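Student: First, the structure itself, so that you have it in front of you.
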Amino acid sequence: MDYEALSNLPGVTHFFETERGSKYAHHDDTTTTRNRSGAGHTDKTEGMQPRSGKTIYMDPMSATNMAGIFQNSEMGTKFTPVMDEKGKPTGRVALELIEDYGPKKAGTRLGTAPYETKPAVGLMPVEIYKSESPVGNPGKGIHFGNKITNVMPKSSGGGGRGGGGGGGGGGAIGFKSGLMGSGLTPFGLKKGGFIDKPIQGGKKDI
């Protein structure tokens with residue numbers, strides 16, 4: 001699998017590859033288009049996926065922890081940028097309850113983590129199509145990708161600025177670049193308000 005299928009898409013600034021062989025085009029409006037590889041997946045489906053509504057990049061531990069909660073169908077959660085007192089993005093993303101969960105009420109912030117808006121080796125792409133995961137939903141509105149192994153800027157002269165994203169993009173407005181390095185704010189949540197084992201996630205095929 002190479003980048004040929006992605007090379008003529010509009011507004012591409014970078015190409016990158018992840019650990020399981022999927023290839024991505026990063027567009028100048030901070031969306032991505034993925035050419036999915038079936039390697040290492042239970043679902044062996046391959047090929048072009050819909051363009052995201054927005055894509056951010058996170059360190060693997062933070063992304064995996066957030067995925068584990070967002071994909072928990074027993075909880076209603078929302079993936080949203082953290083704003084400052086002036087309503088501007090801070091470079092951190094939060095996971096919040098959208099429905100009561102045990103003693104925790106809707107609107108409770110479960111944790112935050114930093115993110116970037118450009119791909120870099122070692123980070124994970126988080127493709128946002130729909131940023132809410134109501135109770136009963138396994139969190140398929142966000143694709144938590146695998147660790148990036150290679151990034152290649154697109155050579156000048158191709159692609160130009162182009163066409164809007166083709167994803168759902170729900171709740172994906174307002175993300176901007178943040179500084180990586182500060183860790184994930186601990187979540188500490190399960191039924192009753194406590195965790196009794198490490199949170200796992202990011203393994204579902206979306």
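Position 59 of the sequence shown, counting from 1, maps to 59 under the working numbering, and the rest follow consecutively.
For glycine and all other residues, C-beta sits at the position ideal for the given N, C-alpha and C.
Just so you know, these numbers come straight off a predicted model, no measurement behind them.
Alpha carbon to alpha carbon, what distance is there between Ile-69 and Thr-117?
Tutor: As a first step, residue 117 is located in the sequence shown; it is residue number 117 there, counting from the start. As a first step, residue 69 is located in the sequence shown; it is residue number 69 there, counting from the start. Looking at the two C-alpha atoms, the distance is approximately 22 Å.
Student: How many whole angstroms separate the CB atoms of Val-82 and Ala-94, which I take to be in contact at a CB cut-off of 8 Å?
Tutor: Within the sequence shown, numbered from 1, the residue matching residue 82 stands at position 82. Within the sequence shown, numbered from 1, the residue matching residue 94 stands at position 94. That pair is a contact at about 5 Å.
Student: Under a three-way DSSP split, which group does Met-133 fall into?
Tutor: Taking the first residue of the sequence shown as 1, we reach residue 133 at position 133. Per the sequence shown, the amino acid found at residue 133 is Ser instead of Met. Ser-133: strand per DSSP, three-state reduction.
Student: In chain order, which beta strand (DSSP E) runs of at least 3 residues are fully inside the region 75 to 104?
Tutor: 77 to 83 and 89 to 97
Student: Within a Cβ cutoff of 6 Å, which residues of the same chain sit near Tyr-3, ignoring the five residues on either side of it in sequence?
Tutor: Position 3 of the sequence shown, counting from 1, holds the residue named residue 3. Closer than 6 Å at the Cβ level, and outside the excluded window around Tyr-3, lie Phe-15 and Lys-23.
Student: Taking 8 Å as the cut-off, does the region 139 to 158 touch the region 108 to 122 (at least 3 CB pairs, one atom from each stretch)?
Tutor: yes
Student: Check the C-beta distance from Ile-128 over to Ser-73 and give it rounded, since I have them as a contact under 8 Å.
Tutor: The residue you call residue 128 lines up with position 128 of the sequence shown. The residue you call residue 73 lines up with position 73 of the sequence shown. Incorrect: roughly 19 Å between the Cβ atoms, too far for contact.
Student: From what residue to what residue does the alpha helix (DSSP H) around Thr-30 run?
Tutor: Within the sequence shown, numbered from 1, the residue matching residue 30 stands at position 30. Looking at the DSSP string, Thr-30 is not in any alpha helix (DSSP H), and its letter there is neither H nor E.
Student: Is Asn-65 helix, strand or coil when you go by DSSP?
Tutor: Locating residue 65 in the sequence shown gives position 65, counting from the first residue. Correct three-state label for Asn-65: helix.
Student: For Leu-110, tell me which candidate among Phe-79, Pro-153, Thr-90 and Gly-47 has the shortest Cα-Cα distance.
Tutor: Within the sequence shown, numbered from 1, the residue matching residue 110 stands at position 110. Closest option to Leu-110, Cα to Cα, is Phe-79.
Student: Where Glu-85 and His-27 are concerned, what is the direct C-alpha to C-alpha distance, given to the nearest angstrom?
Tutor: Reading the sequence shown from its first residue, position 85 is the one you call residue 85. Reading the sequence shown from its first residue, position 27 is the one you call residue 27. Approximately 30 Å, taken between the alpha carbons.
Student: Straight-line CA distance for Gly-201 to Pro-103?
Tutor: Translated into positions along the sequence shown, residue 201 becomes position 201. Translated into positions along the sequence shown, residue 103 becomes position 103. Low local confidence applies: a pLDDT of 38 at Gly-201 is under 50, so the model's placement there is unreliable, with the coordinate-based value given in what follows. Distance from the CA of Gly-201 to the CA of Pro-103, rounded to the nearest whole angstrom, comes to 23 Å.
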